[in-house]
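Remarks on the structure that follows.
In structure tokens:
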């Protein structure tokens, strides 16, 4: 039976404050200039009799030496994948190895929380203090520097951008929190970034849409929805614990969410409903993605040795039994089923179909 998580525990799991050049409690060391994944990293080999032994064989574990937490991963294809994380870490996969990205602004050290792009020549990354970076295929450059509403008039910057999503190169959304811990939605229209504070919403954790006029964003306790003109509060119709803190979908009437209470919820175009999970409590879930309605994965975990991977196939969520390893915090899936998951201690999981 699912463990009843209290709201205090849920909030505590997401309460790491962001600051310029800062990071999580994992700490960060300088990434080597280049190098192949650490063959000595945690091994994700076949499971130990779990329900998804066959699925486990598709996943292998890697790590990038010297890298702290990797917060997000995205790619334009199997030979062009980016991962970003604490203390300004940006690493790139070229189809053969992960290497440190050196084409960044001098002394860049802002923790980055998410990365997304419309193509290999149009990639965005956002992070602490509301910093925004853009990659044009040649180099990463500042597109947004610490400013209001992420910084106070005295230049104390405790705001942050935490998540990214776009429908095109001229319609990109970023969400996070202001210096006063209010929800912030930022938008790129192809020419400039604009920022708006949602006074009655706390920090926003995730954003995803099915198109330019249908976008969802979530905080720990609320959902908001963009209809092409305004952001409006939207009830899940369920308990506070069922509010998703990471979102991904297939269409406007097929949206999925996971949260730190280990719950999965689904929007069918009319209402949100919690989806039953087989087995015992799965612990915090932090990201969800898939190839479509028939095949999805969710990742999470609660510590440096307790990672979680769930697989949706055949209409059921099942745990994939992996060897112990650092918790996973983000996931990116290609249409053919190849996938990357990233997490604590520079850990990566790679899925080959």
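In the working numbering, the protein residues as written are 491 to 843.
Glycine included, C-beta positions come from ideal geometry on N, C-alpha and C.
This one's a predicted model, so the numbers in the text were calculated from it and none came from an experiment.
Based on the DSSP secondary-structure assignment, which residues constitute the bridge partners of residue 828? In the chain shown, the residue the question calls residue 828 occupies position 338. For residue 828, which the question treats as bridged, DSSP gives no partner whatsoever.
Verify whether the separation of the beta carbon atoms of residue 657 and residue 640 is less than 9 Å. Numbered from its first residue, the chain shown carries residue 657 at position 167. Numbered from its first residue, the chain shown carries residue 640 at position 150. Cβ atoms of residue 657 and residue 640: not closer than 9 Å.
Would you report the Cα separation of residue 638 and residue 791, rounded to the nearest angstrom? For this step, residue 638 is matched to residue 148 along the chain shown. For this step, residue 791 is matched to residue 301 along the chain shown. Distance between the alpha carbons of residue 638 and residue 791 is about 34 Å.
In angstroms with no decimal places, state the Cα-to-Cα distance between residue 615 and residue 578. If you number the chain shown from 1, residue 615 lands on position 125. If you number the chain shown from 1, residue 578 lands on position 88. In a straight line, the C-alpha of residue 615 is about 10 Å away from that of residue 578.
Since residue 651 and residue 673 are thought to touch, with beta carbons under 8 Å apart, how far apart are those beta carbons, to the nearest angstrom? In the chain shown, the residue the question calls residue 651 occupies position 161. In the chain shown, the residue the question calls residue 673 occupies position 183. Going by Cβ atoms, the distance from residue 651 to residue 673 rounds to 11 Å, so no, they are not a contact pair.
Residue 812 - DSSP class collapsed to helix/strand/coil: Locating residue 812 in the chain shown gives position 322, where the first residue counts as 1. Note: residue 812 maps to coil in three-state DSSP.
For the alpha helix (DSSP H) holding residue 686, just list the boundary residues, first then last. As a first step, residue 686 is located in the chain shown; it is residue number 196 there, counting from the start. From DSSP, residue 686 is part of no alpha helix (DSSP H) but of the beta strand (DSSP E) over 683 to 688.
Nearest-angstrom Cα separation, counted from residue 621 out to residue 599: Here residue 599 refers to the residue found at position 109 of the chain shown. Here residue 621 refers to the residue found at position 131 of the chain shown. Distance between the alpha carbons of residue 599 and residue 621: 11 Å.
So, helix, strand or coil for residue 838, using DSSP? For the purposes of this step, residue 838 is identified with residue 348 of the chain shown, where counting begins at 1. Looking at residue 838 - three-state DSSP - the assignment turns out to be strand.
So what's residue 591 in DSSP terms, helix, strand or just coil? Counting from one through the chain shown, the residue named residue 591 turns up at place 101. Coil.
Rank 837, 805, 567 by C-alpha distance to the C-alpha of residue 816 and give the top, closest one. Counting from one through the chain shown, the residue named residue 816 turns up at place 326. Minimum Cα distance to residue 816 is reached at 837.
Could you tell me whether the Cβ atoms of residue 784 and residue 821 are closer together than 9 Å? For the purposes of this step, residue 784 is identified with residue 294 of the chain shown, where counting begins at 1. For the purposes of this step, residue 821 is identified with residue 331 of the chain shown, where counting begins at 1. It is not a contact, given that the beta carbons lie outside the stated cut-off.
Could you say if the segment 593 to 613 and the segment 551 to 568 meet the contact criterion of at least three C-beta pairs nearer than 8 Å? yes
Taking its Cβ as the centre, do 16 or more other Cβ atoms sit within 10 Å of residue 752, making it buried, or is it exposed? Counting from one through the chain shown, the residue named residue 752 turns up at place 262. Residue 752 should be labelled buried.
Inspect the beta-carbon positions of residue 735 and residue 747 and report whether they are closer than 9 Å. As a position in the chain shown, residue 735 is number 245, starting the count at 1. As a position in the chain shown, residue 747 is number 257, starting the count at 1. A contact, by the Cβ cut-off of 9 Å.
At 3 residues or longer, and completely inside the segment 600 to 647: list those beta strand (DSSP E) runs for me, N to C. 602 to 609, 612 to 617, 622 to 625, 630 to 634
Exposed or buried, residue 628, counting other C-beta atoms within 10 Å across all chains shown (16 or more means buried)? Stepping through the chain shown from its first residue, residue 628 is reached at position 138. Classification for residue 628: exposed.
Buried versus exposed, by CB contacts within 10 Å (16 or more), residue 725: As a first step, residue 725 is located in the chain shown; it is residue number 235 there, counting from the start. Exposed, because fewer than 16 other Cβ atoms sit within 10 Å of the Cβ of residue 725.
Quick check on this structure: which residue in 729, 705, 832, 701 has the alpha carbon closest to the alpha carbon of residue 762? As a first step, residue 762 is located in the chain shown; it is residue number 272 there, counting from the start. Ranking the options by Cα distance to residue 762, first place goes to 729.
Classify residue 709 as helix, strand or coil using the three-state DSSP reduction. The residue given as residue 709 occupies position 219 in the chain shown. Strand at residue 709.
Can you tell me whether DSSP reads residue 578 as helix, strand or coil? Position 88 of the chain shown, counted from the first residue, corresponds to residue 578. The answer is helix: DSSP assigns residue 578 an H, G or I state.
For residue 565, the three-state DSSP class (helix, strand or coil): Counting from one through the chain shown, the residue named residue 565 turns up at place 75. Of the three classes helix, strand and coil, the one that applies to residue 565 here is strand, per DSSP.
My output table needs one value for residue 742: the three-state DSSP class, helix, strand or coil. Along the chain shown, one-based indexing puts residue 742 at 252. Residue 742 falls in the coil class under three-state DSSP.
Classify residue 535: buried if its beta carbon has 16 or more other beta carbons within 10 angstroms, exposed otherwise. Reading the chain shown from its first residue, position 45 is the one you call residue 535. The pLDDT assigned to residue 535 is 37, lower than 50, so where the model puts this residue is not dependable, and the model offers no usable value.
Going by DSSP, name the residue or residues bridged to residue 756. Here residue 756 refers to the residue found at position 266 when the chain shown is read from its first residue. Residue 756 pairs with 746, 763.
Under 6 Å Cβ to Cβ from residue 591, same chain only, skipping five residues before and after it: list those, please. Start at 1 with the first residue of the chain shown, and residue 591 comes out as number 101. Contacts found: 580, 582.
Any idea which residues DSSP pairs residue 550 with across the strands? For the purposes of this step, residue 550 is taken as the residue at position 60 of the chain shown. Note: residue 550 sits in a beta bridge opposite 840.
Is the Cβ-Cβ distance between residue 633 and residue 706 less than 9 Å? Stepping through the chain shown from its first residue, residue 633 is reached at position 143. Stepping through the chain shown from its first residue, residue 706 is reached at position 216. Cβ atoms of residue 633 and residue 706: not closer than 9 Å.
Nearest chain C C-beta to residue 586 closer than 9 Å, yes or no? Of the protein chains in this structure there is only one, and it is not chain C.
Mapping the DSSP letters down to three states, classify residue 791 as helix, strand or coil. For this step, residue 791 is matched to residue 301 along the chain shown. Looking at residue 791 - three-state DSSP - the assignment turns out to be strand.
On the DSSP letters alone, give me the boundaries of the beta strand (DSSP E) that residue 673 sits inside. The residue given as residue 673 occupies position 183 in the chain shown. From DSSP, the beta strand (DSSP E) with residue 673 extends over 673 to 678.
Backbone CA spacing between residue 624 and residue 803 [nearest angstrom]: Position 134 of the chain shown, counted from the first residue, corresponds to residue 624. Position 313 of the chain shown, counted from the first residue, corresponds to residue 803. Their Cα atoms are separated by approximately 36 Å.
When you compare only the Cα positions, how much space is there between residue 636 and residue 671? Residue numbering aside, residue 636 sits at position 146 when the chain shown is read from its first letter. Residue numbering aside, residue 671 sits at position 181 when the chain shown is read from its first letter. So the alpha carbons of these two residues sit roughly 15 Å apart.
Nearest residue (CA-CA) to residue 772, options 745, 782, 810, 740: Working through the chain shown from its first residue, we reach residue 772 at position 282. The residue with the shortest Cα to Cα distance from residue 772 is 810.
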